[in-house]
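All residue numbers for the sequence shown refer to my numbering, where the first residue is 3 and numbers rise by one.
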Amino acid sequence: MKKKPCGIYVHIPFCKQKCKYCDFLSAPGNSDCIREYVSVLKREIEGYAETAKDYEALTLYFGGGTPSVLEAKQVGDIVMTLRSVFDLSSLEEFTIEVNPGTVTLEKLKGYRAAGADRLSVGIQSANDDELRLLGRIHNFDEARKCIETAREAGFENLSVDVISALPGQTVEAYSKTLDRILALRPRHISSYSLIIEPGTPFFEEYGEKGMKRDMLPDEETDRRMYALTKEKLAEAGFERYEISNYAIPGYESKHNSSYWTGREYFGLGLGASSFVNNVRYSNLRDMAEYKKAPSVRITEEITDEAGLMAEFMILGLRMTAGVSKKEFKRRFGRELREVYAREIQKFTDEKVMEEDGDMLRLTDYGLDVCNRVFAEFI
Ligand code: SF4
């Protein structure tokens, strides 16, 4: 039987310190904690021996948290265990997320030796005051050196994350950040507006009841930053291929693209989510419980066909290429135009959506108002 393509996500839930805006599943952990976690993670991977036989992994992604708290040997051990269980012979991309405050040349060379060929570097801002405000553990000079070190270690496929609409940030300050990040010549940039998440220190200060709420850029400024990102990155040769992601052609993230096109994936590690055989499930989120039972899975939802079709549309329309009508028919046995006749008519009339041969996609304006569009598909 032909093996099914899949992605593999490995969650490393440790950070040197918690950034003030972050609500990801991560916490500081000492080296003993990390060592124990790696051995539990390997146990979890081994538990997939039977299921994994039907799959071949095309992408591998170490995310977090801060995967670069791992020593190169630990990454190598995890990859070796993965190889003993999953078919990695057709791997097309292996990304590791890196925090500039945690790397050395030796470590990055080790990651390269373990097979990683892409780094996603969390820089977020090129302004040291903003980096301090965010609670990042590095300044911009360290971020710049991290990129140089990555190149020296043999990584040329480098992605950088940047956040806009920070407290007190002006359009001019953000513009400077973009210039300085572009000067680093990454191949891929992910750009997000800051979201103030409940439960974070930022929520206390800048949330609905926060005393400093007025320091957040207003909606108009936020939109100008968003427009500036599109403009500057286009000038620098980047193409927007997803709402928040830009790449020099050929350097689009294969792993993230596979989420948006509905490929199956295995999420390994604390709280990681998976999508296997049309079922979404996640691992335990409590570290003590996960360590006791790394193979316990919580089914998030058993999605019916209508739900799967809506999800196909919402994820696919995030990409500038849009969704393929043929692929929809192949998956669901029905014509996309029949199932969503009303929505397509309405959004095409409003110039939010357009058809181009087999593809149905959002226009540039449609991407700007995508949340309104997605709400109609739910
Ligand atoms: S490094 Fe990333 S995951 Fe860790 S606390 Fe900061 S934003 Fe969150």
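Glycine included, each C-beta is placed from N, C-alpha and C at the ideal position.
Bear in mind that the values here come from a model prediction, so they are computed numbers and not experimental data.
For T365, I'd like the list of residues in its chain whose CB is within less than 7 Å of its CB, leaving aside the five on either flank, ordered along the chain.
Position 363 of the sequence shown, counting from 1, holds the residue named residue 365. Excluding positions up to five away in sequence, the list reads K353, V354, M355, E356.
Could you give the uninterrupted runs of the beta strand (DSSP E) lying entirely in the region 25-71, keeping only those of 3 residues or more?
57-66, all fully within the region 25-71.
Below 8 Å CB to CB, which residues in the same chain sit around R320 once its five sequence neighbours on both sides are set aside?
Translated into the one-based positions of the sequence shown, residue 320 becomes position 318. Answer for R320: E244, I245, W262, C372, listed in chain order.
Report yes or no: do the region 182-197 and the region 234-241 share at least 3 C-beta pairs separated by less than 8 Å?
Flag = yes, the region 182-197 and the region 234-241 touch.
In whole angstroms, what is the alpha-carbon distance linking K331 and L310?
For the purposes of this step, residue 331 is taken as the residue at position 329 of the sequence shown. For the purposes of this step, residue 310 is taken as the residue at position 308 of the sequence shown. Going from the Cα of K331 to the Cα of L310 covers about 13 Å.
How do the region 219-229 and the region 35-47 stand: do at least 3 beta-carbon pairs fall below 8 Å, yes or no?
Cβ pair count under 8 Å is below three, so no.
Take N247 and list the residues in its own chain whose beta-carbon comes closer than 6 Å to its own, dropping the five residues that flank it on each side.
As a working mapping, residue 247 is identified with position 245 in the sequence shown. Cβ within range, chain order: S192.
Look up K6 in the DSSP assignment and give the residues it is bridged to.
Taking the first residue of the sequence shown as position 1, residue 6 is located at position 4. DSSP, once it has assigned bridges, lists Y57 as partnering K6.
How many Å lie between I10 and F314 at the Cα?
Locating residue 10 in the sequence shown gives position 8, where the first residue counts as 1. Locating residue 314 in the sequence shown gives position 312, where the first residue counts as 1. In a straight line, the C-alpha of I10 is about 20 Å away from that of F314.
Compute the Euclidean distance between the alpha carbons of D306 and S255, then round it to the nearest angstrom.
The residue given as residue 306 occupies position 304 in the sequence shown. The residue given as residue 255 occupies position 253 in the sequence shown. Rounded to whole angstroms, D306 to S255 spans 29 Å at the Cα level.
Quick check on the burial criterion: 16 or more other C-beta atoms within 10 angstroms. Buried or exposed for N32?
Residue mapping note: residue 32 aligns to position 30 of the sequence shown, counting from 1. Exposed is the call here.
DSSP three-state label for V354, please.
One-based indexing of the sequence shown puts residue 354 at position 352. Coil, per DSSP.
Output the boundary residues of the alpha helix (DSSP H) element that contains S260.
Position 258 of the sequence shown, counted from the first residue, corresponds to residue 260. That run of the alpha helix (DSSP H) goes 256-262.
Apart from the five residues on each side of it in sequence, which residues of its chain come closer than 8 Å, Cβ to Cβ, to I380?
Position 378 of the sequence shown, counted from the start, is the residue given in the question as residue 380. A312, I316, listed in sequence order.
Could you check the C-alpha separation between A175 and D34 for me, to the nearest Å?
Numbered from 1 along the sequence shown, position 173 holds the residue referred to as residue 175. Numbered from 1 along the sequence shown, position 32 holds the residue referred to as residue 34. Taking the straight line from one Cα to the other gives about 41 Å.
Buried or exposed: where does T301 fall if 16 or more other Cβ atoms within 10 Å of its Cβ makes it buried?
Looking up residue 301 in the sequence shown gives position 299. So T301 counts as exposed.
Could you tell me whether the Cβ atoms of I139 and K22 are closer together than 9 Å?
Counting from one through the sequence shown, the residue named residue 139 turns up at place 137. Counting from one through the sequence shown, the residue named residue 22 turns up at place 20. No, the Cβ-Cβ distance between I139 and K22 is not below 9 Å.
How about S70 and N101: are their beta carbons less than 9 Å apart?
As a position in the sequence shown, residue 70 is number 68, starting the count at 1. As a position in the sequence shown, residue 101 is number 99, starting the count at 1. Yes, they are a contact pair.
Does the beta-carbon of K138, which I'm using as the reference point, lie nearer than 8 Å to any heavy atom of ligand 1?
By one-based count along the sequence shown, residue 138 stands at place 136. Inspection of the sequence shows that residue 138 is occupied by Arg rather than by Lys. Yes, the beta carbon of R138 sits closer than 8 Å to at least one heavy atom of ligand 1.
Can you name the residues that DSSP bridges to T301?
Against the sequence shown, residue 301 aligns to sequence position 299. According to DSSP, T301 bridges with Y283.
If you run the structure through DSSP and keep just helix, strand and coil, what is F376?
Walking along the sequence shown from the start, residue 376 turns up at place 374. In the structure shown, F376 sits in a helix (DSSP, three-state: H, G or I).
Report the residue ranges of all alpha helix (DSSP H) runs contained in full by the region 97-185; include only those spanning at least 4 residues, in chain order.
Qualifying alpha helix (DSSP H) stretches, in chain order: 107-115, 130-136, 142-154, 173-184.
Inspect the beta-carbon positions of K111 and G156 and report whether they are closer than 9 Å.
As a first step, residue 111 is located in the sequence shown; it is residue number 109 there, counting from the start. As a first step, residue 156 is located in the sequence shown; it is residue number 154 there, counting from the start. Cβ distance < 9 Å, so K111 and G156 count as in contact.
Taking E95 and R120 to be in contact with their CB atoms under 8 Å, please state how far apart those CB atoms are, rounded to whole angstroms.
Here residue 95 is taken as the residue at index 93 of the sequence shown, counted from 1. Here residue 120 is taken as the residue at index 118 of the sequence shown, counted from 1. Indeed they touch by this definition, with Cβ atoms about 6 Å apart.
Is it right to say V298 is buried, meaning 16 or more other beta carbons lie within 10 angstroms of its own, or is it exposed?
Taking the first residue of the sequence shown as 1, we reach residue 298 at position 296. The residue is exposed, with fewer than 16 neighbouring Cβ atoms inside 10 Å.
Please state the DSSP three-state secondary structure of A274.
Your numbering for residue 274 matches position 272 in the sequence shown. Of the three classes helix, strand and coil, the one that applies to A274 here is coil, per DSSP.
Please state whether DSSP places G420 in a helix, a strand or coil.
Residue 420 lies beyond the range of the chain shown here (3 to 380); nothing can be said about it.
For A118, tell me which candidate among G49, L27, D370, Y63 has the shortest Cα-Cα distance.
Within the sequence shown, numbered from 1, the residue matching residue 118 stands at position 116. Closest option to A118, Cα to Cα, is Y63.
What's the gap between the Cα of S284 and the Cα of G269?
Locating residue 284 in the sequence shown gives position 282, counting from the first residue. Locating residue 269 in the sequence shown gives position 267, counting from the first residue. S284 and G269: Cα-Cα distance of roughly 8 Å.
Answer yes or no: the CB of T68 versus the heavy atoms of ligand 1, is any distance below 8 Å?
As a working note, residue 68 is residue 66 in the sequence shown. Yes, since a heavy atom of ligand 1 falls inside the 8 Å radius drawn around the Cβ of T68.
Is Y23 close to ligand 1? I mean its beta-carbon at under 8 Å from any heavy atom of the ligand.
One-based indexing of the sequence shown puts residue 23 at position 21. Checking every heavy atom of ligand 1 against the Cβ of Y23, one is found closer than 8 Å.
Where do the N-terminal and C-terminal ends of the beta strand (DSSP E) with M361 fall, by residue?
On the sequence shown, position 359 is the one that residue 361 refers to. Per DSSP, M361 belongs to the beta strand (DSSP E) from 361-364.
Three-state secondary structure (DSSP) at M311?
For the purposes of this step, residue 311 is taken as the residue at position 309 of the sequence shown. Helix at M311.
For G273 and D288, I'd like the C-alpha separation in whole angstroms.
For this step, residue 273 is matched to residue 271 along the sequence shown. For this step, residue 288 is matched to residue 286 along the sequence shown. Answer to the nearest angstrom: the Cα atoms are 8 Å apart.
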